[in-house]
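Note sheet for the following structure.
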Amino acid sequence: MSPAFSVGRAIRGSAVVVAFVLILAPILIVVVTAFSPTDYFQFPPPGFSLRWFVEFFRLDNMRNAFTLSLELALLSATIATVLGTLGALYLARRRGVVAGLLQSLFLAPLVFPTIILGLALLLLYKSLGVPVFPGLLLAHCVIGMPYCFRTVLASVQALDPALEEAGQSLGAGPLETFFLVTLPLIWQGVLSGWLFAFIVSFGELNTALFLSGPGLTTLPIEIFSYLQFQGSQLVIAAASTIQIVLIVLLVAGIERIVGMGRIIRSR
Amino acid sequence: MKGLRNLWAWALLTPPLAAAVVLFVVPLLYLFYISLHAASPSEIYGSTLTLENYTSVLSDGFYLGIIRRTIGTAAAILALCLFIGYPVAYFVALLPTRRRMIVLLLLLFPLMVSNVVRAYGWVALLGRRGVINTGLRDLGVIDLPLDLLYNTEAVVVGLMTILLPYMVITIANTLAALDRRYEEAAQALGAGPVRTFLHVTLPLSTPGIASGMLLVFLLTLSAYVTITLLGGPRSKLLVSMVYDSVVGFQWPRAAALAFILLAIALTLTGVILAVLRPNRVQGIGR
């Protein structure tokens, strides 16, 4: 083994350790302190208690934010999945300039600075008089749609077109072909798209920042305003841990349903 | 039959296209329209058409300083992400498939946790009563807590680690798809490990580097919550100015600032693509 090669290995090894500590340590600290029995932040906590979780569900604004975020995530993920699936079915077998443009349009919210989109929607809603809840819901749909579109598109493109043609030559109309042939073959992609849209909606910050209204605040924004105006109370650690646990469960769900390969490829 | 096919195609396209146009294209065009109008005390925007929202920002030393700081901070985050992320991606790419999947999943999971939670983790680490300060005090290194939070460095470190998994994942995916025979060929022709890396591996991984850099850069520009929690009032970036204008009901000003932010995003995207030229590499990765 040449010296240059082992220097390369040493650099890689230390970069890996540094990277994983930097990425995971802040999350672990939050989870550990959520179980602290103390009034204020102390690390490591001197004992174990669930008082901050009890406090989380006792505080009206936290509980309401949690339910609002759950409702938004469930509804927006479902709408986004329907829209994304329709778009993917339309574009899966099309080539050309128009198809390329449509695909870029459907994927655009993925890389577009969402804070600008949030501001644009806020001003549009203001001039049209759109109420807070539908406004938030529509924003979360736009943000979730590209994730669904992309996972379903990959599933449809991996499909053998002969299967759909066989269905049609046997006399099935487009709707029957979709429900009897296509959907059973792509449901894994549809479901993982839904779960991604759910996760993205549940953690969404940049549009909710502008679109949340009095009494209608999502959980991430509630955590943010607590951190800004009430200091570092440990109920935030509990709120954060609930968020993290929910995501761990969902990721485990995706893993069971579609396998790790698809989760990683779809990012 | 053809008529039914056409009807089906339209039924598929109309809902997602309508959603994208009404909820994405139209709001942005409207925002641009607002940015070209004078402010109004009672309405969202006044009736006079003007470029003043743009010219006043771009001729104001305060805003130009903020723009410079925004680009500098983003550049520092990009450089750190690349220098830490590349070796990690190289390590990940060489792992056997199953272990690679597990490591990538460990990297992907933090990306799904809301950024406000991850920023809170950094507040808990760096704050005056945080893990680092209490640790150093207990060890007797310091008497008074250090001010680790509310400066540009905290923003750079926090955002860098929050976005680092994007860089690692995109580069690792490209490197894992890379045909190892290119490297073997270079070494068989007498190139050492360093030369092989600089002339073969690195250029072939530019598609992954480019998409990783674009993701990190674009997400840095709009990371208002992270920037506010870690940078405090003294380390504001351009996105904070957008938010402050909204809070102050200066809608046309906020709209113009948003489009200046977008112009910076597009310009630097062009620069990154022009420098890295990821399209040189055919057929692998993204």
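In order, the protein sequence lines correspond to chains C and V.
The first sequence runs 84 to 350 under our numbering.
The second sequence runs 13 to 298 under our numbering.
In this text, a Cβ means the ideal position worked out from N, Cα and C, and glycines have one as well.
Which of the three DSSP states is assigned to residue i in this structure?
i: G296/C; result: strand
i: L61/V; result: strand
i: A286/V; result: helix
i: A31/V; result: helix
i: G84/V; result: helix
Should residue i go down as buried or exposed, given a rule of 16 or more other Cβ atoms within 10 Å for buried?
i: K209/C; result: exposed
i: S89/C; result: exposed
i: W135/C; result: buried
i: W22/V; result: exposed
i: S97/C; result: exposed
i: R298/V; result: Note that R298/V scores a pLDDT of 38, beneath 50, so its modelled location is shaky and nothing firm can be said.
i: F140/C; result: exposed
i: M84/C; result: With a pLDDT of 45 at M84/C, under the threshold of 50, the predicted position of this residue should be treated as unreliable, and no value is reported.
i: E67/C; result: Residue 67/C lies beyond the residue range present for chain C, which begins at 84 and ends at 350; the question has no answer from this structure.
i: N127/V; result: buried
i: H49/V; result: buried
Below 7 Å on C-beta distance, what does residue i contact in chain C?
i: T67/V; result: The contacting residues do not exist; T67/V stays about 20 Å from chain C at best.
i: G133/V; result: P109, I110, I112 and V113
i: S126/V; result: G286, L288, P303 and Q326
Would you say residue i and residue j are within 8 Å of each other, going by their C-beta atoms?
i: I319/C; j: P122/V; result: no
i: I226/C; j: T260/C; result: no
i: S159/C; j: C231/C; result: no
i: V115/V; j: V129/V; result: no
i: I46/V; j: I276/V; result: no
i: L302/C; j: A321/C; result: no
i: L207/C; j: L294/C; result: no
i: I325/C; j: P99/V; result: no
i: L155/C; j: L219/C; result: yes
i: G97/V; j: V180/V; result: yes
i: P229/C; j: L184/C; result: no
i: F189/C; j: A32/V; result: yes
i: V273/C; j: T161/C; result: no
i: L9/V; j: W134/V; result: No answer is possible for residue 9/V: the residues shown for chain V start at 13 and end at 298.
What residues from chain V crowd round residue i, counting only those whose CB sits closer than 8 Å?
i: M228/C; result: P28, A31 and A32
i: T197/C; result: S234
i: I94/C; result: P99
Name the chain C residues whose beta carbon is nearer than 8 Å to that of residue i?
i: S54/V; result: The premise fails here: S54/V is roughly 13 Å from chain C at the closest Cβ pair, so nothing lies under 8 Å.
i: A277/V; result: P196
i: A21/V; result: Y173
i: I183/V; result: The premise fails here: I183/V is roughly 12 Å from chain C at the closest Cβ pair, so nothing lies under 8 Å.
Check the Cβ of residue i against every Cβ in chain V and list those closer than 7 Å, keeping chain order.
i: S210/C; result: I56
Just to make sure I have the definition right: I need the residues of chain C whose C-beta is within less than 9 Å of the C-beta of residue i. Which are they?
i: L16/V; result: G256 and P257
Inset, instruction - Determine contact between the stretch 149–157 of chain V and the stretch 219–239 of chain V, defined as no fewer than three beta-carbon pairs at a distance below 8 Å. - result: no
Legend entry - Three or more C-beta pairs below 8 Å linking the stretch 321–337 of chain C and the stretch 249–258 of chain C: no
Inset, instruction - Please confirm if the stretch 235–248 of chain C is in contact with the stretch 288–302 of chain C, defined as three or more CB-CB distances below 8 Å between the two stretches. - result: no
Inset, instruction - Assess, as a yes-or-no matter, whether the stretch 238–249 of chain V is touched by the stretch 42–55 of chain V under the definition of 3 or more beta carbon pairs within less than 8 Å. - result: no
Legend entry - Stretch pair the stretch 86–98 of chain V + the stretch 161–176 of chain V: three plus CB contacts closer than 8 Å: yes
Legend entry - Sufficient close CB pairs (3 or more, under 8 Å) joining the stretch 257–271 of chain V to the stretch 180–193 of chain V: no
Inset, instruction - Report yes or no: do three or more beta-carbon pairs, one from the stretch 198–218 of chain C and one from the stretch 264–282 of chain C, lie closer than 8 Å? - result: no
Legend entry - the stretch 277–292 of chain V touching the stretch 201–218 of chain V, judged by at least three CB pairs closer than 8 Å: yes
Inset, instruction - Mind the definition here: the stretch 265–281 of chain C touches the stretch 107–122 of chain C only if three or more C-beta pairs lie below 8 Å; say whether that holds. - result: no
Inset, instruction - Assess, as a yes-or-no matter, whether the stretch 134–153 of chain V is touched by the stretch 58–77 of chain V under the definition of 3 or more beta carbon pairs within less than 8 Å. - result: no
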